[in-house]
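Presented below is the structure to which this report refers.
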Amino acid sequence: MSRPPALLAGFRSALRRSGRATTALALLAALPIAALPLTAATPARADTVSATNWMSAVPDGTSLTAMSIPGTHETLAIHGLDAVRAQYDHGDSADTMLAQLNSGIRAIDIRVRVFGDAFTIHHGAFYQNANFDDVLTKLKTFLDAHPSETVLMRVHPECERGAFKCIDVPVDGVDPENPEDYAARLDRFTKYRDKAAYTGLFYAPSVSGTSQAAVPDLEAVRGKVVLTSFDGFGSFGLAGYRDNEEDHYQADSASEKWPYVYGHLQQTVADTSSSKMYVTYSSANNFPAGSVPYQIAVGFTSTTGDSAGLYIPRVNDWLRNYAVHLDDGRTGADPVRRMGVVMMDYPDDALVEAVRAHNPQKAQTTPTPTPAPVPSLAGLPESVGRAYSFLTATMDNSRTPGTGPEDLNQQNRIPRSYQGGYFDDTEEFGPKGFQASFTYDDALVITALLRDPRGANLSHAVALGNSLLYAQNHDPKDPGQKILRASYEPDPFVTANPGNPVYVGSFSVYTGNMSWAGMALARLYAVTGQPRFLDGARKIAEWIRDNTRDTRGAGGFTGGLKNSDETGAEMTKIQWKATEHNIDAGAFFHMLGTVTGDHGWESLSQEAFTFVKSMLTPNRSHLWTGTGNDGVSANEDYEPEDVQAWSYLATHDSVYSPALDWTAGRLHATDGPFTGVSFSAIDTSKVWFEGTGHLAAALLARGNPAGPNPDDPAHPFASDRDRAAVLLDTLMKAQTTAPNADGNAIVAASNDDLGTGQGDTYYASRHTGATAWYIIAATGGNPFRL
Numbered sequence: 004m005s006r007p008p009a010l011l012a013g014f015r016s017a018l019r020r021s022g023r024a025t026t027a028l029a030l031l032a033a034l035p036i037a038a039l040p041l042t043a044a045t046p047a048r049a050d051t052v053s054a055t056n057w058m059s060a061v062p063d064g065t066s067l068t069a070m071s072i073p074g075t076h077e078t079l080a081i082h083g084l085d086a087v088r089a090q091y092d093h094g095d096s097a098d099t100m101l102a103q104l105n106s107g108i109r110a111i112d113i114r115v116r117v118f119g120d121a122f123t124i125h126h127g128a129f130y131q132n133a134n135f136d137d138v139l140t141k142l143k144t145f146l147d148a149h150p151s152e153t154v155l156m157r158v159h160p161e162c163e164r165g166a167f168k169c170i171d172v173p174v175d176g177v178d179p180e181n182p183e184d185y186a187a188r189l190d191r192f193t194k195y196r197d198k199a200a201y202t203g204l205f206y207a208p209s210v211s212g213t214s215q216a217a218v219p220d221l222e223a224v225r226g227k228v229v230l231t232s233f234d235g236f237g238s239f240g241l242a243g244y245r246d247n248e249e250d251h252y253q254a255d256s257a258s259e260k261w262p263y264v265y266g267h268l269q270q271t272v273a274d275t276s277s278s279k280m281y282v283t284y285s286s287a288n289n290f291p292a293g294s295v296p297y298q299i300a301v302g303f304t305s306t307t308g309d310s311a312g313l314y315i316p317r318v319n320d321w322l323r324n325y326a327v328h329l330d331d332g333r334t335g336a337d338p339v340r341r342m343g344v345v346m347m348d349y350p351d352d353a354l355v356e357a358v359r360a361h362n363p364q365k366a367q368t369t370p371t372p373t374p375a376p377v378p379s380l381a382g383l384p385e386s387v388g389r390a391y392s393f394l395t396a397t398m399d400n401s402r403t404p405g406t407g408p409e410d411l412n413q414q415n416r417i418p419r420s421y422q423g424g425y426f427d428d429t430e431e432f433g434p435k436g437f438q439a440s441f442t443y444d445d446a447l448v449i450t451a452l453l454r455d456p457r458g459a460n461l462s463h464a465v466a467l468g469n470s471l472l473y474a475q476n477h478d479p480k481d482p483g484q485k486i487l488r489a490s491y492e493p494d495p496f497v498t499a500n501p502g503n504p505v506y507v508g509s510f511s512v513y514t515g516n517m518s519w520a521g522m523a524l525a526r527l528y529a530v531t532g533q534p535r536f537l538d539g540a541r542k543i544a545e546w547i548r549d550n551t552r553d554t555r556g557a558g559g560f561t562g563g564l565k566n567s568d569e570t571g572a573e574m575t576k577i578q579w580k581a582t583e584h585n586i587d588a589g590a591f592f593h594m595l596g597t598v599t600g601d602h603g604w605e606s607l608s609q610e611a612f613t614f615v616k617s618m619l620t621p622n623r624s625h626l627w628t629g630t631g632n633d634g635v636s637a638n639e640d641y642e643p644e645d646v647q648a649w650s651y652l653a654t655h656d657s658v659y660s661p662a663l664d665w666t667a668g669r670l671h672a673t674d675g676p677f678t679g680v681s682f683s684a685i686d687t688s689k690v691w692f693e694g695t696g697h698l699a700a701a702l703l704a705r706g707n708p709a710g711p712n713p714d715d716p717a718h719p720f721a722s723d724r725d726r727a728a729v730l731l732d733t734l735m736k737a738q739t740t741a742p743n744a745d746g747n748a749i750v751a752a753s754n755d756d757l758g759t760g761q762g763d764t765y766y767a768s769r770h771t772g773a774t775a776w777y778i779i780a781a782t783g784g785n786p787f788r789l
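If you're matching positions, the sequence shown starts at 4 in my numbering and goes up one per residue.
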């Protein structure tokens, strides 16, 4: 059976990419930060405060001493030996510095050499393809464009005696016995200061040359460069700037360096007087005896020994982790826990943001509410009826007469998940098109059919439930066992092979899909009272408990079993844990405990939801997708929609309420007449209709009244009910006007080629899962709760 190489649909529960794995160094075990999961801060909203203007949110009267300011050590050290380079290379002529400023860096470390009538930029003997004019020009360009910002600059004359060192070369020659030309240094700096091109660039008191300036408030230095020190010249810079500085720069390893960084940051946080400047250098280098800067700063994935495949954290990982957990336990009444100035080697955007997150913030003003138009949804009942017709017809038309055992295929039938458009390509998929019925979709169809208040679709729901039980008991590899595979073939579903096993599409066994099937069977038992459905659900729960329960990190349940040979012979235990799977499992166990009265299932439910809560981002605005193969470190590659809406639907816990608003804003998508959400922020050019149904259902479940929705600019003051109405209106439109629409079904996406960020794609093809979610949302349902 051929399948498209880039198909997310149906394999969705499998596609939780393995992220970084992590291991803790024994030396750091005693430090509180070492035990915390490695997570990144969440970017601020790009349409308000971003990396380029983050100081605009800090009150004018804030002293620089009270701030957390990310900086780079050896800002322009991008050329030379491994021991010389200290930053990622974004280009010569100070372009690297400009890239750092655009990422949020606001403190720089410029190393100069007198060369003729100018300063050139060096690290030791190595010229860095830039001069001081490049630095000042780029600083002026940045600050002119972002006048709310300030940049703190240390200027350090680099030349001195010793190996790998430079020699100042003034115009009148050089004395090899006296490489440090102090008079020339002072002369060159003052000429740069007084250049007409840089008039107004510097905070004047810091470059007067008569005495050091008192540390100013932010208001006084917006749009300016503050010289913090001109090393060797005590009448420049800020008074006391280097009095509380940690710079243990000769360290053999990251584990030697980190305790110095951690200890100094703890001192910084503990001193709440805000009257002193604190400067922490997280950088170190001990070439040739020990590690070079990159090895100390940046973690890596091991390729050798017992640690092969594990992510080995280094100083930047620990520092970021420290920053994102710094506010743990802090209340609104507590002062901001400032980190001071933090000078770093090789910082990435997440680390920079984690540091700058700890600054005082201006009070937010609430704009005047503007009522949003609300669709009437007058045709909703009739539209839902047509959606039901699609689901039942797809079940009834799922096999061609004369194929397979006639009686068994009449009794057991499953719907084709996708049809129309891309999935009807006979050249790609054969004469019948793409023939797959995904277990996740089938569970949704059962749930939707049971939402019919007339009970007219109960027989189809029972037939589909019976089909899942048949698959469970007639697996071609494990007959009579407890598993359900990721997908099956509907035409024929039951083969003529001995024992009449089912025709499997994907042999993988995923915790999420199994949980969805278990919820559907438990729901059938609650409606019909037929014990066979409860028995099937219990078997699934036992398999998940016995095969995926995990004690690493926050516990929870792993992803299940991955098949790699398309025959079911090679099954590999999945080590990562998905937030989605644990939401599914937690809801399933709770549902099973409800219908059986067995409190043991409720205990397992709590284990799953404990893991889910651990996946909240540091600012608790939304959730990460899961972990890497270590089962501990968060996979931060992308942030999917489903876990945001599902976490609230499954729990009704207010801690997940912000995730709904984050989804409505961050994943907002408009494509022609359709407005809703996308799968992730990777591609918001098209609307993902299934996810739009998720969010509509979740908003209706939450039911907030009208009020400010700052994270949802499309509907900034609407009630949840009105916001859901907009989404349901889009789904009604899609039913009749989307590409490949038939007037009954909902297609998966508003147009073909909706990317997920994982190399997978959704298409504008009619989809049982999207249609089922439409019915569930339109009827006020919640598949995670009885």
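The beta-carbon is built from N, C-alpha and C at its ideal position, and this holds for glycine as well.
For residue 143, which of helix, strand or coil comes out of DSSP?
Stepping through the sequence shown from its first residue, residue 143 is reached at position 140. Looking at residue 143 - three-state DSSP - the assignment turns out to be helix.
Given this structure, state the Cα-to-Cα distance separating residue 218 from residue 68, to the nearest angstrom.
The residue you call residue 218 lines up with position 215 of the sequence shown. The residue you call residue 68 lines up with position 65 of the sequence shown. Roughly 7 Å between the two C-alpha positions.
With C-beta atoms as the reference, is residue 767 less than 8 Å away from residue 693?
Locating residue 767 in the sequence shown gives position 764, where the first residue counts as 1. Locating residue 693 in the sequence shown gives position 690, where the first residue counts as 1. No. Outside cutoff.
Which residues in the same chain as residue 195 place their Cβ atom closer than 8 Å to its Cβ, once the five residues preceding and following it in sequence are excluded?
Looking up residue 195 in the sequence shown gives position 192. 122, 135, 136, 139 and 201, listed in sequence order.
Label residue 551 either buried or exposed according to how many other C-beta atoms from any shown protein chain fall within 10 Å of its C-beta, with 16 as the threshold for buried.
Position 548 of the sequence shown, counting from 1, holds the residue named residue 551. Result: buried.
Between residue 292 and residue 630, what straight-line distance do the alpha-carbon atoms span, to the nearest angstrom?
As a first step, residue 292 must be located in the sequence shown, where it is residue number 289. As a first step, residue 630 must be located in the sequence shown, where it is residue number 627. For residue 292 and residue 630, the distance between alpha carbons rounds to 36 Å.
What are the uninterrupted segments assigned as beta strand (DSSP E) that are 3 or more residues long and contained completely in the stretch 521-592, given in chain order?
Listed in chain order, they are 563-566 and 574-576.
Which stretch, first to last residue, makes up the alpha helix (DSSP H) that contains residue 112?
By one-based count along the sequence shown, residue 112 stands at place 109. Per DSSP, residue 112 belongs to no alpha helix (DSSP H); it is in the beta strand (DSSP E), 110-119.
Starting from residue 812, trace the alpha helix (DSSP H) both ways and give me its first and last residue.
An answer regarding residue 812 cannot be provided, because it is not within the stretch 4 to 789 covered by the chain.
Can you look up residue 356 in the DSSP assignment and give me helix, strand or coil?
The residue labelled residue 356 in the question sits at position 353 within the sequence shown. Looking at residue 356 - three-state DSSP - the assignment turns out to be helix.
How about residue 670 and residue 684: are their beta carbons less than 8 Å apart?
Residue numbering aside, residue 670 sits at position 667 when the sequence shown is read from its first letter. Residue numbering aside, residue 684 sits at position 681 when the sequence shown is read from its first letter. Yes, these two residues count as a Cβ contact at 8 Å.
Have a look at the DSSP bridge pairing and note the partners of residue 324.
Within the sequence shown, residue 324 is the residue found at index 321, counting from 1. The partner list for residue 324 (beta bridge, DSSP) is empty, contrary to what the question assumes.
Going by CA-CA distance only, name the one from 470, 574, 617 and 429 that's closest to residue 448.
On the sequence shown, position 445 is the one that residue 448 refers to. Measuring from the Cα of residue 448, the nearest candidate turns out to be 470.
Tell me the DSSP secondary structure of residue 138 in three-state form.
Position 135 of the sequence shown, counted from the first residue, corresponds to residue 138. It is helical.
How is the alpha helix (DSSP H) around residue 772 delimited, first residue to last?
Your numbering for residue 772 matches position 769 in the sequence shown. Note, residue 772: alpha helix (DSSP H), 771-781.
Would you mind working out which of 787, 777 and 789 sits nearest residue 384, comparing C-alpha positions?
Translated into the one-based positions of the sequence shown, residue 384 becomes position 381. Minimum Cα distance to residue 384 is reached at 777.
Going by CA-CA distance only, name the one from 531, 440 and 635 that's closest to residue 516.
Working through the sequence shown from its first residue, we reach residue 516 at position 513. Nearest of 531, 440 and 635 to residue 516, Cα basis: 440.
Can you list, in chain order, the stretches of the alpha helix (DSSP H) that have 4 or more residues and sit fully within the stretch 212-277?
Correct list: 221-224 and 257-273.
Once the 5 residues before and after residue 62 are set aside, which same chain residues still bring their CB inside 7 Å of it?
As a working note, residue 62 is residue 59 in the sequence shown. Excluding sequence neighbours, residue 62 sits near 363 and 365.
Would you call residue 484 buried or exposed, if buried means 16 or more other Cβ atoms sit within 10 Å of its Cβ?
In the sequence shown, counting from the first residue as 1, residue 484 sits at position 481. It is exposed - the Cβ of residue 484 has fewer than 16 other Cβ atoms within 10 Å.
Is it the case that the Cβ atoms of residue 72 and residue 110 are separated by a distance below 8 Å?
What you label residue 72 is simply residue 69 of the sequence shown in a count that begins at 1. What you label residue 110 is simply residue 107 of the sequence shown in a count that begins at 1. Taking 8 Å as the Cβ cut-off, residue 72 and residue 110 qualify as a contacting pair.
Enumerate, from N- to C-terminal direction, the unbroken alpha helix (DSSP H) stretches of 4 or more residues contained entirely within the stretch 626-705.
Listed in chain order, they are 645-654, 660-669 and 692-705.
How many Å lie between residue 203 and residue 320 at the Cα?
As a working note, residue 203 is residue 200 in the sequence shown. As a working note, residue 320 is residue 317 in the sequence shown. Approximately 38 Å between the Cα atoms of the pair.
Suppose you measure from the CA of residue 473 to the CA of residue 414; what does that come to, to the nearest Å?
The sequence position of residue 473 within the sequence shown is 470, counting from 1. The sequence position of residue 414 within the sequence shown is 411, counting from 1. Residue 473 and residue 414: Cα-Cα distance of roughly 10 Å.
Check whether the stretch 227-235 touches the stretch 151-170, counting contact only when three or more Cβ pairs, one atom from each stretch, lie closer than 8 Å.
Yes: at least three Cβ pairs fall under 8 Å.
Excluding sequence positions up to five away, which residues of its chain have a Cβ less than 6 Å from the Cβ of residue 653?
Reading the sequence shown from its first residue, position 650 is the one you call residue 653. Closer than 6 Å at the Cβ level, and outside the excluded window around residue 653, lie 586, 590 and 787.
Can you tell me which of the three DSSP states residue 426 falls into?
On the sequence shown, residue 426 is found 423 positions in, with the first residue counted as 1. Helix.
How long is the line joining the alpha carbons of residue 248 and residue 74, rounded to whole angstroms?
Taking the sequence shown and counting its residues from 1, the one referred to as residue 248 is at position 245. Taking the sequence shown and counting its residues from 1, the one referred to as residue 74 is at position 71. For residue 248 and residue 74, the distance between alpha carbons rounds to 14 Å.
Which residue's Cα is closest to the Cα of residue 464: 480, 416 and 612?
The count along the sequence shown starts at 1 and reaches residue 464 at position 461. The option with the nearest alpha carbon to residue 464 is 416.
Could you have a look at residue 157 and say whether DSSP puts it in helix, strand or coil?
Translated into positions along the sequence shown, residue 157 becomes position 154. Residue 157: strand per DSSP, three-state reduction.
Taking only three categories from DSSP, how would you classify residue 618?
Numbered from 1 along the sequence shown, position 615 holds the residue referred to as residue 618. The answer is coil: DSSP assigns residue 618 none of H, G, I, E or B.
Please list the terminal residues of the continuous alpha helix (DSSP H) segment that includes residue 442.
The residue labelled residue 442 in the question sits at position 439 within the sequence shown. Start and end: 442-452.
Which residue's Cα is closest to the Cα of residue 331: 361, 351, 285 and 509?
Position 328 of the sequence shown, counted from the start, is the residue given in the question as residue 331. Checked all of 361, 351, 285 and 509; the closest Cα to residue 331 is 361.
Between residue 751 and residue 744, is the Cβ-Cβ spacing less than 8 Å?
The sequence position of residue 751 within the sequence shown is 748, counting from 1. The sequence position of residue 744 within the sequence shown is 741, counting from 1. Cβ atoms of residue 751 and residue 744: not closer than 8 Å.
Between which two residues does the alpha helix (DSSP H) holding residue 299 run?
For the purposes of this step, residue 299 is identified with residue 296 of the sequence shown, where counting begins at 1. Unbroken alpha helix (DSSP H) run through residue 299: 296-300.
With a threshold of 8 Å, are at least 3 pairs of Cβ atoms found where one atom belongs to the stretch 282-301 and the other to the stretch 250-257?
As far as the Cβ criterion goes, the stretch 282-301 touches the stretch 250-257, which means the pair count is three or higher.
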